[in-house]
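K.L.:
First the structure, then my questions, so here it is.
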Amino acid sequence: MDFGWFFVIMSVREKIDSIKDGLSELDGVVVGFSGGIDSSVVAKLTKLVQGEDCIAVTVASELFPRSELEAAEKIAEEIGIKHKVIERKLEDLGIENNPEDRCYLCKRSILVDLKEVLDEYGYESVVDGTNATEAEENRPGIQALEEMGIYSPLSENKVTRKEVREIAEELGLSNRDKPPESCLATRFPFGQKLDPGKLEMVEKAEEKLKDIGFKRVRVRVHENGSLARIELKKETLPPSKEEIRKINRGLKEIGFNYITLDLGGYQTGKMS
Numbered sequence: 001m002d003f004g005w006f007f008v009i010m011s012v013r014e015k016i017d018s019i020k021d022g023l024s025e026l027d028g029v030v031v032g033f034s035g036g037i038d039s040s041v042v043a044k045l046t047k048l049v050q051g052e053d054c055i056a057v058t059v060a061s062e063l064f065p066r067s068e069l070e071a072a073e074k075i076a077e078e079i080g081i082k083h084k085v086i087e088r089k090l091e092d093l094g095i096e097n098n099p100e101d102r103c104y105l106c107k108r109s110i111l112v113d114l115k116e117v118l119d120e121y122g123y124e125s126v127v128d129g130t131n132a133t134e135a136e137e138n139r140p141g142i143q144a145l146e147e148m149g150i151y152s153p154l155s156e157n158k159v160t161r162k163e164v165r166e167i168a169e170e171l172g173l174s175n176r177d178k179p180p181e182s183c184l185a186t187r188f189p190f191g192q193k194l195d196p197g198k199l200e201m202v203e204k205a206e207e208k209l210k211d212i213g214f215k216r217v218r219v220r221v222h223e224n225g226s227l228a229r230i231e232l233k234k235e236t237l238p239p240s241k242e243e244i245r246k247i248n249r250g251l252k253e254i255g256f257n258y259i260t261l262d263l264g265g266y267q268t269g270k271m272s
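For reference, each letter of the sequence shown is one residue, going 1 to 272 in the UniProt record's numbering.
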């Protein structure tokens, strides 16, 4: 019998209790941890029920902005959970040529690393922060999670993206309003070789836009790295003349030859 309907009608508080009940049955936990709101909620709830028998693990590479790694380290310290950072190169992940199945390959490589930490600590389970909304979107990484037997407590308890923020608020997490981030590979068209230098340019360009005052940004790269296509939230369009001046000067200083603005605005879930 399918009891999915039961989770739908549960309150956020009841879902928190259900997640904690499930996590409490595990004998030691490795949390796949990006430092985003989803994995932070899972890490916090895991720490509450597992105490010292858990560790948050971040697999970092050129695809993971340094600012995001710093944020992950900060929130792990705030939660009070042990935190391990594993550094990987693009070639380790098997996606340096940016294939169409990059998300699957990258996720599977990360999960292999998490399983190794599992063995290192003698813990029972790897858990991650996939929520019910993402599971319904059938993202490429979901297949890897299923193949590797990873437990996703948010998804299992039908916790939606909106409810994750409510839970983060309930738990008092400082990153509860943090906008979602995605891997830097999504800024490049499939098949375009991922170059560490170009990835760094994207990271710097997005940081520059945030410094100017735009909170939700994406810089998509075309023409083999010479053209930057900027996506901003529609409510911030069009930028002022002064903002345009700062954007153009800032991104050209970073190394882009051509700077364009996507009139369609910021789009979540876009792959390139």
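Using N, Cα and C, we set each Cβ at its ideal position, and we do this for glycine too.
For G172, tell me which candidate among K44, S24 and K15 has the shortest Cα-Cα distance.
P.N.:
What you label residue 172 is simply residue 172 of the sequence shown in a count that begins at 1. Among K44, S24 and K15, the Cα nearest to that of G172 is on K44.
K.L.:
Grouping DSSP H, G and I as helix and E and B as strand, with all else coil, what is L173?
P.N.:
Start at 1 with the first residue of the sequence shown, and residue 173 comes out as number 173. Correct three-state label for L173: coil.
K.L.:
Return the Cβ separation of L26 and S125 in integer angstroms, given the expectation that the two are a contact with Cβ distance under 8 Å.
P.N.:
Numbered from 1 along the sequence shown, position 26 holds the residue referred to as residue 26. Numbered from 1 along the sequence shown, position 125 holds the residue referred to as residue 125. About 5 Å; that satisfies the 8 Å criterion.
K.L.:
Rank V202, V159, D128 and I230 by C-alpha distance to the C-alpha of E146 and give the top, closest one.
P.N.:
As a first step, residue 146 is located in the sequence shown; it is residue number 146 there, counting from the start. Checking every option, the nearest Cα to that of E146 belongs to D128.
K.L.:
Quick check: the Cα distance between G35 and S67, rounded to an integer number of angstroms?
P.N.:
On the sequence shown, position 35 is the one that residue 35 refers to. On the sequence shown, position 67 is the one that residue 67 refers to. In a straight line, the C-alpha of G35 is about 11 Å away from that of S67.
K.L.:
Taking 8 Å as the threshold (C-beta atoms), are C106 and L114 in contact?
P.N.:
Counted from its first residue, the sequence shown places residue 114 at position 114. Counted from its first residue, the sequence shown places residue 106 at position 106. Against a cut-off of 8 Å, the Cβ pair of C106 and L114 comes out as no contact.
K.L.:
At the level of alpha carbons, what is the spacing between L199 and M10?
P.N.:
Taking the first residue of the sequence shown as position 1, residue 199 is located at position 199. Taking the first residue of the sequence shown as position 1, residue 10 is located at position 10. Answer to the nearest angstrom: the Cα atoms are 42 Å apart.
K.L.:
Determine the DSSP secondary structure at C183, reduced to helix, strand or coil.
P.N.:
What you label residue 183 is simply residue 183 of the sequence shown in a count that begins at 1. Coil at C183, not helix or strand.
K.L.:
According to DSSP, simplified to helix, strand and coil, what is V202?
P.N.:
On the sequence shown, residue 202 is found 202 positions in, with the first residue counted as 1. Helix at V202.
K.L.:
Roughly how many angstroms separate the alpha carbons of I150 and P239, rounded to a whole number?
P.N.:
By one-based count along the sequence shown, residue 150 stands at place 150. By one-based count along the sequence shown, residue 239 stands at place 239. Rounded to whole angstroms, I150 to P239 spans 43 Å at the Cα level.
K.L.:
Who are the near neighbours of S39 in its chain, counting only those whose CB is closer than 8 Å to its CB and skipping five residues on each side?
P.N.:
As a working note, residue 39 is residue 39 in the sequence shown. Cβ neighbours of S39 beyond the five flanking positions: V31, G32, F33, A56, D128 and G129.
K.L.:
Check for me: the beta strand (DSSP E) holding L111 runs from which residue to which?
P.N.:
Counting from one through the sequence shown, the residue named residue 111 turns up at place 111. That residue, L111, is in no beta strand (DSSP E); its alpha helix (DSSP H) goes R102 to Y121.
K.L.:
Any contact of the segment 76 to 86 with the segment 95 to 103, i.e. 3+ C-beta pairs under 8 Å?
P.N.:
The segment 76 to 86 vs the segment 95 to 103: no contact.
K.L.:
Give, in chain order, every unbroken run of the beta strand (DSSP E) that is at least 3 residues long and sits entirely within the segment 204 to 236.
P.N.:
Listed in chain order, they are 217 to 222 and 227 to 232.
K.L.:
If you run the structure through DSSP and keep just helix, strand and coil, what is V49?
P.N.:
As a first step, residue 49 must be located in the sequence shown, where it is residue number 49. Helix.
K.L.:
Can you give the beta carbon distance from T260 to R229, rounded, assuming they're within the 8 Å contact cut?
P.N.:
To locate residue 260, count along the sequence shown from 1; it is residue 260. To locate residue 229, count along the sequence shown from 1; it is residue 229. Going by Cβ atoms, the distance from T260 to R229 rounds to 5 Å, so yes, they are a contact pair.
K.L.:
Please state whether DSSP places S18 in a helix, a strand or coil.
P.N.:
Here residue 18 refers to the residue found at position 18 of the sequence shown. Reduced to three states, the DSSP call for S18 is helix.
K.L.:
So, helix, strand or coil for F33, using DSSP?
P.N.:
Here residue 33 refers to the residue found at position 33 of the sequence shown. Coil, per DSSP.
K.L.:
Cβ of L232 within 8 Å of Cβ of V219?
P.N.:
Residue mapping note: residue 232 aligns to position 232 of the sequence shown, counting from 1. Residue mapping note: residue 219 aligns to position 219 of the sequence shown, counting from 1. Taking 8 Å as the Cβ cut-off, L232 and V219 do not qualify as a contacting pair.
K.L.:
Thinking C-alpha only, which one of L63, A205 and E170 is nearest residue 300?
P.N.:
It is not possible to answer for residue 300, since the shown part of the chain is limited to 1 through 272.
K.L.:
Kindly indicate if chain C contains any beta-carbon less than 8 Å away from that of G197.
P.N.:
Considering every chain present, this structure includes no chain C. It has just one protein chain.
K.L.:
Alpha carbons only, please: which of R245, E243, T236 and E253 is nearest the one belonging to M201?
P.N.:
Here residue 201 refers to the residue found at position 201 when the sequence shown is read from its first residue. Checked all of R245, E243, T236 and E253; the closest Cα to M201 is E253.
K.L.:
For E181, I'd like the list of residues in its chain whose CB is within less than 7 Å of its CB, leaving aside the five on either flank, ordered along the chain.
P.N.:
Locating residue 181 in the sequence shown gives position 181, where the first residue counts as 1. Hits under 7 Å: G36 and E68.
K.L.:
According to DSSP, A144 sits in a beta bridge with which residue or residues?
P.N.:
Taking the first residue of the sequence shown as 1, we reach residue 144 at position 144. None, per the DSSP bridge assignment.
K.L.:
Using DSSP with H/G/I as helix, E/B as strand and the rest coil, what is F251?
P.N.:
Sequence index remark: in the sequence shown, residue 251 carries index 251 (1-based). Looking at the sequence provided, one finds Leu at residue 251 rather than Phe. Residue state, collapsed to three classes: helix.
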